[in-house]
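Residues 1 to 205 in the UniProt record's numbering are what the sequence shown lists, from first letter to last. No residue lacks a Cβ here, since even glycine has one placed at the ideal position from N, Cα and C. Note that the structure is predicted; figures quoted are calculated from it, not measured.
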Amino acid sequence: MSHDHDHHHDNELDPMAARVRALETILTEKGLVDPEAIGVIVETYETKIGPRNGAKVVAKAWVDPEFNAWLRRDATSAIASLSYTGRQGEHMQAVFNTPDTHNLVVCTLCSCYPWSVLGLPPVWYKSPPYRSRAVIDPRGVLAEFDLVLPDTTSIRVWDSTAELRYLIIPLRPEGTEGWSEEQLAALVTRDSMIGTGLACAPEAA
């Protein structure tokens, strides 16, 4: 499994995805849509607009103790206070990584995902191999994302549902004392908020 899991699963589309693919093909053949334009739009929502919202939530949790406590107590309200709410983000729970525990989110039934803070789900998140193996072999799955954790670090897997979705608050990188929320948000990646990655080191910003 790699970060670009889609090349393994083109023939494993669920019925809805298959219908969308067929509709896109028809519209493209008729010259009504530009597949490249669609790709750019999807990438923007998947990797930029959505995850940027979540990154701001994480950064605020890192620097604001009151917001941090609110996020732990009632993530839905805390996130909504930043105007990030709506579709697929109505009921949220924040889970916090610690030096001893790493969290990982999966949706074993389908692809439940907090759009309001993470944008569109990546293809690999929806793939059957990720959905099954994240529960059975989370350490092995993380290793395939180049995230190798110490044996002493426990891994907790959270199964997202239609009723409840999760946002992981990764550990704040060392060497970021005195950084602004904006600077810190730039270190937060989509994968770190799903659990398949860590926040970036300061030197990588």
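Name the residue from the options whose alpha carbon lies nearest to the alpha carbon of residue i.
i      : options                          : result
Ser77  : Pro173, Cys112, Trp62 and Gln93  : Gln93
Arg156 : Leu120, Val105, Ala59 and Glu29  : Val105
Asp159 : Glu177, Arg172 and Tyr130        : Tyr130
Val95  : Ala61, Trp115 and Tyr125         : Ala61
Lys126 : Lys30, Cys107 and His102         : Cys107
Gln185 : Val117, Leu164, Glu29 and Thr98  : It should be noted that the sequence gives Ala, not Gln, for residue 185. Measuring from the Cα of Ala185, the nearest candidate turns out to be Val117.
Gly197 : Val63, Asn103 and Pro128         : Asn103
Asp191 : Val123, Leu82 and Ala69          : Val123
Glu181 : Arg73, Phe67, Thr101 and Arg21   : Phe67
Ala204 : Ile194, Met193 and Thr176        : Thr176
Thr161 : Met193, His91, Ile194 and Arg139 : His91
Pro138 : Trp179, Ile194 and Glu163        : Ile194
Leu109 : Ala80, Leu164 and Ser81          : Leu164
Gly50  : Ala143, Gly178, Thr85 and Leu147 : Thr85
Trp115 : Ala143, Leu147 and Ala80         : Ala80
Trp179 : Ile136, Val63 and Arg72          : Val63
With a CB to CB cut of under 6 Å and the five nearest residues on each side skipped, what residues in its chain are close to residue i?
i      : result
Val141 : Arg133 and Ala134
Leu201 : Checking the sequence shown, residue 201 turns out to be Ala, not Leu. So the list reads Pro173, once near-sequence residues are dropped.
Val188 : Ala55, Val58 and Ala199
His9   : Note that His9 scores 39 on pLDDT, short of 50, meaning its location in the model is unreliable; the coordinates nonetheless yield the value given after this. Result list for His9: Ser127, in chain order.
Phe145 : Thr196
Trp70  : Ala78
Ala75  : Met92, Gln93 and Ala94
Ala22  : none
Suppose the cutoff is 7 Å on Cβ atoms and the five residues either side in sequence are ignored; what does the same chain contact list for residue i look like?
i      : result
Pro121 : Ser111 and Tyr113
Lys30  : none
Asn97  : Asn103, Ile168, Ile169, Pro170 and Leu171
Name the DSSP beta bridge partners of residue i, please?
i      : result
His102 : Ile155
Met92  : Arg165
Leaving out five residues on either side along the sequence, give the residues of the same chain with a beta carbon under 8 Å from the beta carbon of residue i.
i      : result
Asp100 : Thr152, Thr153 and Ser154
Arg72  : Ala94 and Phe96
Pro65  : none
Counting Cβ pairs closer than 8 Å, one from the region 163 to 173 and one from the region 144 to 155, do we hit at least three?
-> no
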